[in-house]
Amino acid sequence: VQLQASGGGSVQPGGSLRLSCAASGVIAGINTMAWFRQAPGKQRELVATIGGGGSTYYADSVKGRFTISRDNTKNTVYLQMNSLDAEDTAVYYCNAAIFRGTVLYNYWGQGTQVTVSS
């Protein structure tokens, strides 16, 4: 099983980006999917999660600006990021709890860089 993240890049303050992360391989089902981020010199932090039923959680720092969603037919999670500012600059990682058979495993994507700068 692999998670492949894409959609990062450079944007000016106030701009938007949409991240995608697709899971591939032998997958029996996917439970919670999430996005984390890690800024230079800082610990990795949780940005948002979405459960199998669609329930969502957002870190306070991104509430009202970011939207997490998923397409279960494509085993893909998205992160729509609006009103970006410099403090959102980080490497963004997707994470997913994936069933292989009846066992739940935790997987990480490779990370995608988001840079917000004027």
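In the numbering used here, each number is its position in the sequence shown, counted from 1, plus 43. In this text, a Cβ means the ideal position worked out from N, Cα and C, and glycines have one as well.
Original post:
How many angstroms separate the CA atom of Gly57 from the CA atom of Gly144?
Top reply: For this step, residue 57 is matched to residue 14 along the sequence shown. For this step, residue 144 is matched to residue 101 along the sequence shown. The straight-line gap from Cα to Cα measures roughly 43 angstroms.
**OP:** With DSSP collapsed to three states, give me the class of Ala129.
**Re:** On the sequence shown, residue 129 is found 86 positions in, with the first residue counted as 1. Residue state for Ala129 is assigned as helix, using DSSP reduced to three classes.
**OP:** Compare the Cα-Cα distances from Gly107 to each of Leu127, Ile93 and Asn115 and report the closest residue.
**Re:** Position 64 of the sequence shown, counted from the start, is the residue given in the question as residue 107. Checked all of Leu127, Ile93 and Asn115; the closest Cα to Gly107 is Leu127.
Subject >> For Thr75 and Gly94, the rounded distance between their alpha carbons >> reply: Against the sequence shown, residue 94 aligns to sequence position 51. Against the sequence shown, residue 75 aligns to sequence position 32. Rounded to whole angstroms, the gap between the alpha carbons of Gly94 and Thr75 is 4 angstroms.
**OP:** Could you spell out where the beta strand (DSSP E) holding Ala91 opens and where it closes?
**Re:** As a position in the sequence shown, residue 91 is number 48, starting the count at 1. Start and end: Glu88 to Ile93.
Original post:
Is it the case that the Cβ atoms of Leu60 and Ala77 are separated by a distance below 8 angstroms?
Top reply: Within the sequence shown, residue 60 is the residue found at index 17, counting from 1. Within the sequence shown, residue 77 is the residue found at index 34, counting from 1. Not in contact: Leu60 and Ala77 (Cβ atoms no closer than 8 angstroms).
Original post:
Who does Ser49 pair with in a DSSP beta bridge?
Top reply: Position 6 of the sequence shown, counted from the first residue, corresponds to residue 49. When DSSP reads this structure, Ser49 sits in a beta bridge with Ser63.
**OP:** Select from Thr116, Thr132 and Val44 the residue whose C-alpha is nearest the C-alpha of Val69.
**Re:** Stepping through the sequence shown from its first residue, residue 69 is reached at position 26. The shortest Cα separation from Val69 among Thr116, Thr132 and Val44 belongs to Val44.
**OP:** Figure out for me which residue from Cys64, Phe142, Ala91 and Gln153 has the closest Cα to the Cα of Val120.
**Re:** The residue given as residue 120 occupies position 77 in the sequence shown. The shortest C-alpha separation from Val120 is found at Cys64.
Original post:
Once you ignore the five residues that flank Ala82 on each side, which residues in its own chain have a CB closer than 7 angstroms to its CB?
Top reply: Sequence index remark: in the sequence shown, residue 82 carries index 39 (1-based). Result list for Ala82: Thr132 and Ala133, in chain order.
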